[in-house]
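Each remark here refers to the structure printed beneath this line.
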């Protein structure tokens with residue numbers, strides 16, 4: 008299969024994409040078994056880019072890169088790898104290499120790395136950790152999946168609430184070695200380790216040493232319960248412009264801290280999930296094997312088959328009508344298709360608005376009414392258009408009327424169903440992004456075919 | 008219209024949503040003209056929540072809240088408001104109030120606030136600013152829309168590259184008043200104001216005063232060109248886990264800094280846009296008027312009408328066949344619908360993978376081949392299912408064969424079109440999220456109807 012090499016201008020409009028020329032050069036180096044050249048190519052890359060590279064080549068090439076460039080696959084690269092190929096990579100690399108790679112990571116990264124691995128792989132990695140780290144990781148794993156407890160880092164920088172700026176700075180200088188890589192706030196705690204506020208490092212640096220920390224507290228302070236779902240955490244960071252937030256257990260004691268970069272990653276994943284679910288695609292990635300992807304897409308197609316058969320059953324009720332008037336068979340998909348599209352528009356807006364907490368019980372009736380009205384107005388416009396098309400094409404004025412009326416009814420129904428179905432699913436604790444599409448399309452198909460054919464049977468025959 | 012009041016448990020599962028009881032209480036306070044009660048309700052709220060409240064009520068109630076609670080609508084609330092109602096609010100509030108509110112904002116927030124306003128509103132707000140701020144805002148507005156220049160804040164904290172940690176701390180203490188609200192790094196610059204690296208505040212605090220700043224530089228340092236598109240900026244922050252990044256002009260001189268909270272907001276908007284575009288919904292929000300929403304959804308429905316008519320024209324070629332064999336009219340929507348759904352699955356994955364730079368020229372043929380294979384495998388399964396349904400339902404074995412073959416062909420075509428169409432559009436610099444759907448659905452509809460009906464005409468008659 009021919010490979011396409013990018014023109015230079017493409018690289019410029021896409022500053023952060025892996026250059027195709029780089030990928031090609033890596034393939035060449037690997038094919039030639041040229042370890043030095045591979046090192047030259049991989050060395051300047053950020054761990055995230057090495058991970059992307061491993062995801063973009065096929066599995067044979069990936070193994071060759073791993074063999075020849077094993078030294079470049081450190082803990083950070085493993086962290087950045089997509090789940091679907093991470094397992095493969097970990098399995099393929101020597102155990103000692105993995106152990107060493109993992110020891111350099113912060114505990115929250117280790118948690119992220121091992122939480123989706125199979126039992127034996129997970130155990131092997133945990134065994135490789137220093138005792139204190141292993142305990143920390145195991146504690147994190149004891150919190151529910153997708154909870155704040157899994158997301159947080161346990162390394163926190165705290166100061167007693169009565170300290171001055173100077174005392175805090177001295178403490179930091181004396182405990183340099185134990186500080187996490189990145190931190191943005193000092194959390195003030197009471198004697199029971201309950202956070203009472205926090206101070207930004209910028210404020211500390213600009214304040215004289217003798218000033219009490221308690222005087223330069225930030226006003227935005229939102230401790231997060233350790234069991235809170237990570238999607239709510241991401242929402243809070245985005246909504247309240249948080250940079251870091253303390254995580255507390257049920258007694259209000261500080262157990263960790265979540266920083267905005269973790270929240271951003273969650274926000275990104277949640278969006279990805281919503282988009283894929285709306286399209287009836289489960290999780291997964293481009294690196295998955297054909298059989299895995301097939302399996303993942305099958306259920307949604309199967310649901311669609313059922314709904315399509317339901318719609319066909321409606322059509323089957325009108326076989327006699329269609330046999331007499333074949334133009335109906337020609338025109339009926341238009342009504343169903345327009346309803347399906349209008350329904351998808353409404354439901355996508357509703358699903359998003361539920362996710363961003365803009366569509367709530369307090370404004371739902373207003374939104375439902377608005378969507379129905381939008382359907383009515385667009386329906387009337389398309390009714391006129393299709394009425395004319397129907398008359399001109401088939402020369403039967405009543406056919407124009409029938410398709411026009413069916414269009415109006417179906418677009419109003421699409422607006423109503425597109426909003427009410429996600430709201431009802433949300434109420435029933437079913438993810439509206441996942442299930443709304445099937446219901447709404449069934450409704451618009453069934454209503455579209457039924458109204459059009461039933462009207463035609465009544466009026467035309 | 009009846010209002011729904013939430014049960015207490017709902018509030019708990021949704022910790023950051025505005026409580027319906029709060030919205031109801033605000034409505035009551037406004038209806039009673041009770042300024043004190045309104046203040047009690049609004050005072051504890053974050054600006055983002057006040058903005059959400061204004062978005063959730065209808066326009067009449069919104070104006071009553073603005074009249075009675077004008078003191079609560081400060082610059083931060085205006086910043087948080089959705090564009091679609093921000094203009095209304097600014098128009099409704101007294102000019103002096105707006106001027107005062109805007110004066111408290113940082114310049115990047117003012118830019119965000121005014122960039123989408125109409126000329127006279129924009130001019131009024133700019134006039135209200137202090138001279139230095141107005142110049143800064145006007146300069147920012149001179150950069151292209153959605154560029155790094157619009158996103159950055161101009162307030163930067165820099166130090167000459169030869170300074171020590173102590174010198175830098177002293178400088179910060181002496182220039183306390185001029186420091187921005189939030190900053191996470193000190194940017195080191197050469198004499199020509201070109202950034203050479205940066206130091207985290209945490210590292211500075213933990214380092215002795217005499218150590219040169221240049222010794223504690225971070226290794227992740229990625230200056231961003233001022234004209235770079237904000238979507239690329241957001242990608243870089245997410246990919247490389249940046250917290251802040253210096254923005255440079257074409258001579259490499261420092262002109263501003265972008266922080267991760269701004270990048271997170273952009274990432275959120277970009278995703279929102281992608282989801283809505285994939286569903287054929289333009290920008291806009293729940294607070295828009297019916298007529299605006301109708302106008303925005305119309306073009307996509309119109310495009311869909313054209314594609315649906317195209318599909319109908321295909322059906323029309325086989326009127327004679329359908330007249331003889333009405334079962335075809337009953338079954339044909341199933342083939343088209345399955346193709347449409349499989350196509351949507353493939354195209355959504357492709358659009359997302361292009362956005363995340365995982366689908367590139369270097370792996371496109373592998374992905375296309377994989378999607379076609381997935382279509383083939385699923386197509387064969389559904390061919391068997393539908394073949395059986397066809398035979399059982401209509402008792403005509405050949406009908407089962409026809410629908411089976413059509414299903415396989417259409418699902419393979421769906422996989423191919425779903426991947427190739429977004430790739431081609433991207434190549435042509437058309438947003439694949441916006442336009443792929445119409446093309447792919449047209450292809451699967453036309454192919455679905457044609458293969459099914461043409462085969463039927465050849466085999467059954």
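Residue numbers (our numbering), protein chains in the order written: chain A, 8 to 468; chain B, 8 to 468.
Ideal Cβ positions, reconstructed from N, Cα and C, are used throughout, including at glycine.
Since this is a predicted model, take the numbers as computed values, not measurements.
- Task: Sort out for me which residues DSSP pairs residue 419/B with in a bridge.
- Result: For this step, residue 419/B is matched to residue 412 along the second chain. Answer is none; residue 419/B lacks a bridge partner.
- So what does DSSP say about residue 26/B, is it helix, strand or coil? Along the second chain, read from residue 1 onward, the residue named residue 26/B stands at position 19. Here residue 26/B sits in coil by DSSP.
- Task: State whether the stretch 201-212 of chain A contacts the stretch 220-237 of chain A, with contact taken as three or more CB pairs (one from each stretch) at a distance under 8 Å.
- Result: Contact holds: three or more Cβ-Cβ distances are below 8 Å.
- Which word fits residue 78/B, buried or exposed, when buried means at least 16 other C-beta atoms lie within 10 angstroms of its C-beta? On the second chain, position 71 is the one that residue 78/B refers to. Burial check for residue 78/B: the Cβ neighbour count within 10 Å stays below 16, so the residue is exposed.
- Item | Beta-bridge pairing of residue 236/B - partner residues as DSSP gives them | In the second chain, counting from the first residue as 1, residue 236/B sits at position 229. The partner list for residue 236/B (beta bridge, DSSP) reads 154/B.
- Query: chain B beta carbons: is any one of them nearer than 7 Å to that of residue 443/A?
  - Reply: Position 436 of the first chain, counted from the start, is the residue given in the question as residue 443/A. Not closer than 7 Å to any Cβ of chain B, the Cβ of residue 443/A fails to qualify, so no.
- Task: Give a yes or no on whether the minimum CB-CB distance between residue 271/A and chain B is below 7 Å.
- Result: As a working note, residue 271/A is residue 264 in the first chain. Under the Cβ criterion of 7 Å, residue 271/A is counted among the residues facing chain B.
- Where does residue 148/B fall in DSSP's three states? Sequence index remark: in the second chain, residue 148/B carries index 141 (1-based). DSSP places residue 148/B within a helical segment (H, G or I) once states are collapsed to three.
- Message: Give me, in chain order, the residues of the same chain whose beta-carbon lies closer than 7 Å to that of residue 18/B; leave out the 5 immediate sequence neighbours on both sides.
- Response: Within the second chain, the letter at position 11 stands for residue 18/B. In this predicted model, residue 18/B has a pLDDT of only 37, less than 50, meaning its place in the structure is not dependable enough to derive any value.
- Check the Cβ of residue 338/B against every Cβ in chain C and list those closer than 8 Å, keeping chain order. No chain C appears in the structure shown, which is made up of the protein chains A and B.
- Query: Which of helix, strand or coil does DSSP assign to residue 187/A?
  - Reply: Numbered from 1 along the first chain, position 180 holds the residue referred to as residue 187/A. Here residue 187/A sits in coil by DSSP.
- Going by beta carbon distance, what residues of the same chain come within less than 8 Å of residue 14/B, once the five residues before and after it are set aside? Within the second chain, residue 14/B is the residue found at index 7, counting from 1. Caution is warranted here: a pLDDT of 39 is assigned to residue 14/B, below 50, making its placement in the model unreliable, and no coordinate value can be reported.
- Give the C-beta separation of residue 328/A and residue 468/A to the nearest angstrom, bearing in mind that I take them to be a contact with Cβ-Cβ under 8 Å. Taking the first residue of the first chain as position 1, residue 328/A is located at position 321. Taking the first residue of the first chain as position 1, residue 468/A is located at position 461. Correct: roughly 6 Å between the Cβ atoms.
- Item | Option in 135/B, 151/B, 102/B with minimal Cα separation from residue 122/B | Along the second chain, read from residue 1 onward, the residue named residue 122/B stands at position 115. Nearest C-alpha to residue 122/B: 151/B.
- Can residue 33/B and residue 48/B be called in contact, C-beta distance under 7 Å? Translated into the one-based positions of the second chain, residue 33/B becomes position 26. Translated into the one-based positions of the second chain, residue 48/B becomes position 41. Taking C-beta atoms as the reference points, residue 33/B and residue 48/B count as a pair closer than 7 Å.
- Task: List the endpoints of the continuous alpha helix (DSSP H) containing residue 306/B.
- Result: In the second chain, residue 306/B corresponds to position 299, counting from 1. That run of the alpha helix (DSSP H) goes 297-323.
- Message: Please tell me whether residue 313/A has its Cβ less than 7 Å away from any Cβ of chain B.
- Response: Walking along the first chain from the start, residue 313/A turns up at place 306. By this cut-off, residue 313/A is not an interface position.
- Message: Rounded to the nearest angstrom, what separates residue 115/B and residue 264/B at their Cα positions?
- Response: For the purposes of this step, residue 115/B is taken as residue 108 along the second chain, with counting starting at 1. For the purposes of this step, residue 264/B is taken as residue 257 along the second chain, with counting starting at 1. Spanning the two alpha carbons is a distance of roughly 10 Å.
- Any C-beta of chain B sitting closer than 7 Å to the C-beta of residue 267/A? Along the first chain, read from residue 1 onward, the residue named residue 267/A stands at position 260. Chain B contact via Cβ: present.
- residue 453/B at chain A interface by Cβ criterion, 7 Å: Position 446 of the second chain holds residue 453/B. Using beta-carbon distances, residue 453/B does not count as an interface residue toward chain A, since no partner is under 7 Å.
- If you measure from the beta carbon of residue 81/A to each beta carbon in chain B, is any gap under 7 Å? What you label residue 81/A is simply residue 74 of the first chain in a count that begins at 1. The beta-carbon of residue 81/A is placed no less than 7 Å from the nearest beta-carbon of chain B.
- Message: Against chain A, which members of the stretch 285-307 of chain B pass a CB distance test of less than 8 Å?
- Response: Result list: 285, 286, 287, 288, 292, 293, 297, 298, 300, 301, 304, 305, 307.
- Message: Strictly under 7 Å for the Cβ-Cβ distance: is residue 190/B near chain A by that measure?
- Response: Position 183 of the second chain, counted from the first residue, corresponds to residue 190/B. Output row for residue 190/B: interface = yes.
- Own chain residues within Cβ distance below 8 Å of residue 260/B, not counting five before or after: On the second chain, position 253 is the one that residue 260/B refers to. Scanning its chain for C-beta atoms nearer than 8 Å, with the 5 sequence neighbours on each side dropped, one finds around residue 260/B the residues 199, 200, 201, in chain order.
- Task: Could you have a look at residue 294/B and say whether DSSP puts it in helix, strand or coil?
- Result: Residue numbering aside, residue 294/B sits at position 287 when the second chain is read from its first letter. In the structure shown, residue 294/B sits in coil (DSSP, three-state: anything other than H, G, I, E or B).
- Tell me the DSSP bridge mates of residue 450/B? As a first step, residue 450/B is located in the second chain; it is residue number 443 there, counting from the start. Answer by DSSP bridge pairing: none, since residue 450/B is not bridged.
- Step through the CB atoms of chain B and report whether any lies within less than 7 Å of the CB of residue 153/A. Here residue 153/A corresponds to residue number 146 of the first chain, with the count starting at 1. Answer no: the Cβ-Cβ gap between residue 153/A and chain B never drops below 7 Å.
- Look at the alpha carbon of residue 92/A and the alpha carbon of residue 180/A, and state the distance between them as a whole number of angstroms. As a working mapping, residue 92/A is identified with position 85 in the first chain. As a working mapping, residue 180/A is identified with position 173 in the first chain. Pairing residue 92/A with residue 180/A, the inter-Cα distance amounts to about 41 Å.
- Message: Please list the terminal residues of the continuous alpha helix (DSSP H) segment that includes residue 91/A.
- Response: Within the first chain, numbered from 1, the residue matching residue 91/A stands at position 84. Segment 90-99, the alpha helix (DSSP H) holding residue 91/A.
- Query: Name the chain B residues whose beta carbon is nearer than 7 Å to that of residue 183/A?
  - Reply: For the purposes of this step, residue 183/A is taken as the residue at position 176 of the first chain. In chain order: 213.
- Have a look at residue 440/B and residue 128/A and give me their C-alpha separation to the nearest angstrom. In the second chain, counting from the first residue as 1, residue 440/B sits at position 433. In the first chain, counting from the first residue as 1, residue 128/A sits at position 121. If you take the alpha carbons of residue 440/B and residue 128/A, they lie about 39 Å apart.
- Message: So for residue 16/B, helix, strand or coil by DSSP?
- Response: In the second chain, the residue the question calls residue 16/B occupies position 9. Residue placement at residue 16/B is flagged as unreliable, the pLDDT there being 37, under the threshold of 50; the coordinate-derived value follows with that caveat. Helix.
- Query: Among 276/B, 108/B, 98/B, which residue has its Cα nearest to the Cα of residue 84/B?
  - Reply: Position 77 of the second chain, counting from 1, holds the residue named residue 84/B. Among 276/B, 108/B, 98/B, the Cα nearest to that of residue 84/B is on 108/B.
- Message: Below 8 Å on C-beta distance, what does residue 348/B contact in chain A?
- Response: As a first step, residue 348/B is located in the second chain; it is residue number 341 there, counting from the start. Chain A residues near residue 348/B: 287, 307, 308, 311.
- Query: Under 7 Å between C-beta atoms, does residue 23/A make it to chain B?
  - Reply: If you number the first chain from 1, residue 23/A lands on position 16. Answer yes: the Cβ-Cβ gap between residue 23/A and chain B drops below 7 Å somewhere.
- Task: From the DSSP output, read off the bridge partner residues of residue 251/B.
- Result: Position 244 of the second chain holds residue 251/B. According to DSSP, residue 251/B bridges with 266/B.
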